[in-house]
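Each residue of the sequence shown is one higher than the one before, counting from -12 in my numbering.
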Amino acid sequence: MGLLSETDPPPFSHRPHREASPFVLVSDHAGRQVPSVLRDLGVAAADWDRHIAWDIGIHGVGVALHEALGATLIEQVYSRLVIDCNRAPGHPTSMPLTSDETPIPANVAATAVCRAAREAEILHPYHDRIAGELARRERAGEPTALIALHSFTPCMNGVKRPWHCGVLHHRDTRSARIMLDLLKGEPGLCVGDNEPYVLSETSDYTVPRHAEAAGLPYLELEIRQDLIADPSGQNEWAERLARLLPQYWARLSAA
Ligand SMILES: [Zn+2]
C-alpha cells in the first residue's frame, strides 16, 4: 500500500541552477504538506501555523536566494511532523511523538508499515535527489558547497533566544568560521556560533550525510523566524545571504 496518492505532491521541490554557482541550497523543513491519507495527524489547525510544523519563512528565503544566485534549490515539501528530513531513519524524533509540548497523535499510533512508507516515499526520495545532484556536480568537476537553510523559533520551551541568526558546525569548521566572521560584520546582528543548536551526527542528518561524510564544505544556517515571517523580511535575508555567500566562497577558495 502506498502512502502518497496521485493527488499528493511529490516529496521534494527542485529548482535547477540557472547560472554556474558553487552552491547547492537545501531546505529540510521548507514545507508543511501532509499525505492526504494521514489527514492532519490529529494536530489542531492552529498548531499547523507554528514552528513545530515547518521552518516558518525559510521557503520564501530559499526561493528568493535561488532567484538571486541562480543556484539550485532542493526543498522538502512535507511537514517535519510527518517525517523530519534532518533526522536519520529510525531516529527517536524522526516522527516526533511530541513537539514543543504538543502531542502528535498519529505518530504515537503509527504502525511500522506506515513509518517505513514515510521513509520510503518522503525521506529517501528527498535525500536521493540531493545525493544525485551532488554526484552529478562531482562528475562534472564543479566545486560545491552545501548550504542548509533553516529557521528557528524565537522562544522554545519558554526560553527566549537572543540571536538573529546562527551558524552550525561540527567537525569541519572552516566554512562556519568564515561565515560567522561575515555575519558578525553586519550592523546590529546578534550571531549565534553553534546556536540555537549544536550540529551533531545525532541531531542532524543532512549535513553529516551529504557534506561531512564526503569532505564537502558546508554551511548550516539558522534564521530567527520573526525576522522572516513576511516577504519583506524574507527578501531582506535573501539579499543579505546573496551578498555574503559569494564572499564566503571567495575566502574559502583562497584559503
Ligand atoms: Zn529546520
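From the three backbone atoms N, C-alpha and C, an ideal C-beta is built for every residue, glycine too.
Because the structure is a prediction, the values reported are computed rather than measured.
Which of the three DSSP states is assigned to residue i in this structure?
| i | result |
| --- | --- |
| residue 208 | strand |
| residue 59 | strand |
| residue 92 | helix |
| residue 232 | helix |
| residue 5 | coil |
| residue 100 | helix |
| residue -8 | coil |
| residue 52 | helix |
Would you mind stating whether residue i and residue j have Cβ atoms separated by less than 7 Å?
| i | j | result |
| --- | --- | --- |
| residue 48 | residue 0 | no |
| residue 62 | residue 17 | yes |
| residue 207 | residue 135 | yes |
| residue 71 | residue 39 | no |
| residue 57 | residue 212 | no |
| residue 25 | residue 93 | yes |
| residue 149 | residue 177 | yes |
| residue 41 | residue 74 | no |
| residue 112 | residue -2 | yes |
| residue 157 | residue 186 | yes |
| residue 28 | residue 109 | no |
| residue 137 | residue 209 | yes |
| residue 11 | residue 131 | yes |
| residue 21 | residue 69 | yes |
| residue 60 | residue 2 | yes |
| residue 169 | residue 221 | no |
| residue 288 | residue 182 | This structure cannot settle anything about residue 288, because the visible part of the chain is limited to -12 through 242. |
| residue 216 | residue 55 | no |
| residue 9 | residue 236 | yes |
| residue 231 | residue 184 | no |
Pull up the DSSP beta-bridge partners for residue i, would you.
| i | result |
| --- | --- |
| residue 20 | 65 |
| residue 12 | 60, 134 |
| residue 243 | Not covered by the structure: residue 243. The range shown for the chain is -12 to 242. |
| residue 240 | Per DSSP, none; premise fails for residue 240. |
Could I get the ranges of all uninterrupted alpha helix (DSSP H) runs contained in the segment 178 to 228, with 4 residues as the minimum, in chain order? 193 to 197
Got a list of residues with beta-carbon closer than 5 Å to any non-hydrogen atom of ligand 1, in chain order? 16, 42, 137
Which runs of the alpha helix (DSSP H), 4 residues or longer, sit entirely within the segment 115 to 181? 161 to 171
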